[in-house]
């Protein structure tokens, strides 16, 4: 399972920013053909990224293409198939397994973004479509699709339910744990940290982000705390010393699921 904690977006029409993004410490960089690029700049953005890719053959990144419902979809796919720099393709507004199949036809992993009511309704089909590596959650676009009141109690409740569905369906399909959506307030590090910790608690692997300054905040939010690591070491050490799969530690019952959780924490920190 590939470790993706942070996925940093950079606009395709700003190729001079790509080296900085690649050096940011983000686990993966997503070069964007979609929302970050104006309608009249789609073709020039594709050309600019092609020139960057040719000049930097060692660079590796994902590309978020335009959705299957747009006129740029096929051209974006052709570009991604032709460039070895593109290691995976992110499909926004994923709604049908057939769209996943179209993207996967080029042999590269597909990262669908769930960001519409139809995408949620077809979630089981999407996560089980051949070629899907992991899904991501686009809360901002979903809010627009459902005409939700931003930051309202109702919107918060609904988004929690959707995150739960995405986490459960991803696990059931045997694909990598999902990525949460971007946190738009770049200067609010505490808010980002809380948001990532919440998503982590639901089983998400990490989050997408829009600024290099958010990368370290995401990594710190996902990292096990020292007290967690100390507890995990004690559990594993006790299991090895006793040779038992069930014992008491600090007055609490420890059995195989707890031991495996401790090993999971230590493996993540390694």
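In the working numbering, the protein residues as written are 6 to 275.
Each residue gets a CB set at the ideal place from its N, CA and C atoms; glycine is no exception.
Since we're looking at a predicted model, the values are computed, not measured.
Query	Result
Could you tell me the distance, in whole angstroms, from the CA atom of residue 160 to the CA atom of residue 273?	32 angstroms
Just reading off the alpha helix (DSSP H) that residue 107 is part of, what are its end residues?	102-109
Using the DSSP secondary-structure output, state which residues sit across from residue 132 in a beta bridge.	The partner list for residue 132 (beta bridge, DSSP) is empty, contrary to what the question assumes.
Answer with buried or exposed for residue 267, where buried requires no fewer than 16 other C-beta atoms within 10 angstroms of its C-beta.	buried
So is residue 95 buried or exposed if we call it buried at 16+ other beta carbons inside 10 Å?	buried
Tell me whether residue 235 is buried or exposed, calling it buried when 16 or more other Cβ atoms sit within 10 Å of its Cβ.	exposed
May I ask you to list the residues that DSSP assigns as paired with residue 116?	95
May I ask you to report which of helix, strand or coil DSSP gives residue 211?	strand
Check whether the stretch 54-70 and the stretch 29-40 touch, using three or more Cβ-Cβ pairs below 8 angstroms as the test.	yes
When the Cα of residue 210 is compared with those of 197, 219, 115 and 224, which residue comes out closest?	224
Going straight from the alpha carbon of residue 147 to that of residue 248, what length do you get?	50 angstroms
Could you check which residue in 185, 87 and 246 has the C-alpha nearest to that of residue 62?	87
Could you tell me the boundaries of the beta strand (DSSP E) in which residue 16 lies?	11-16
Quick one: what's got a C-beta closer than 7 angstroms to residue 53's C-beta in the same chain, skipping five residues either side?	17, 18 and 20
Please confirm if the stretch 169-182 is in contact with the stretch 144-158, defined as three or more CB-CB distances below 8 angstroms between the two stretches.	no
Which one of 131, 143 and 101 has the shortest CA to CA distance from residue 212?	143
Could you give the C-beta distance for residue 99 and residue 124, rounded to a whole number, given that I count them as a contact under 8 angstroms?	5 angstroms
I need the straight-line Cα distance from residue 51 to residue 60, nearest angstrom please.	14 angstroms
Are the stretch 72-85 and the stretch 124-137 touching, with three or more C-beta to C-beta distances below 8 angstroms?	no
Helix, strand or coil: which one does DSSP assign to residue 191?	coil
Closest by CA to residue 82, which one among 242, 8, 114 and 120?	114
In terms of residue numbering, what span does the beta strand (DSSP E) encompassing residue 76 cover?	Here residue 76 belongs to no beta strand (DSSP E), and DSSP marks it neither H nor E.
Whole angstroms are fine: how far does the CA of residue 193 sit from the CA of residue 14?	18 angstroms
Determine the direct distance from the alpha carbon of residue 253 to that of residue 246, and round the result to whole angstroms.	13 angstroms
Can you tell which of 260, 189, 207 and 270 has the C-alpha that lies nearest to the C-alpha of residue 228?	270
Look up residue 59 in the DSSP assignment and give the residues it is bridged to.	Paired residues: none, contrary to the question.
Which word fits residue 25, buried or exposed, when buried means at least 16 other C-beta atoms lie within 10 angstroms of its C-beta?	exposed
Given residue 84, which residues of its chain have a CB within under 6 angstroms of its CB, disregarding the five upstream and five downstream residues?	51
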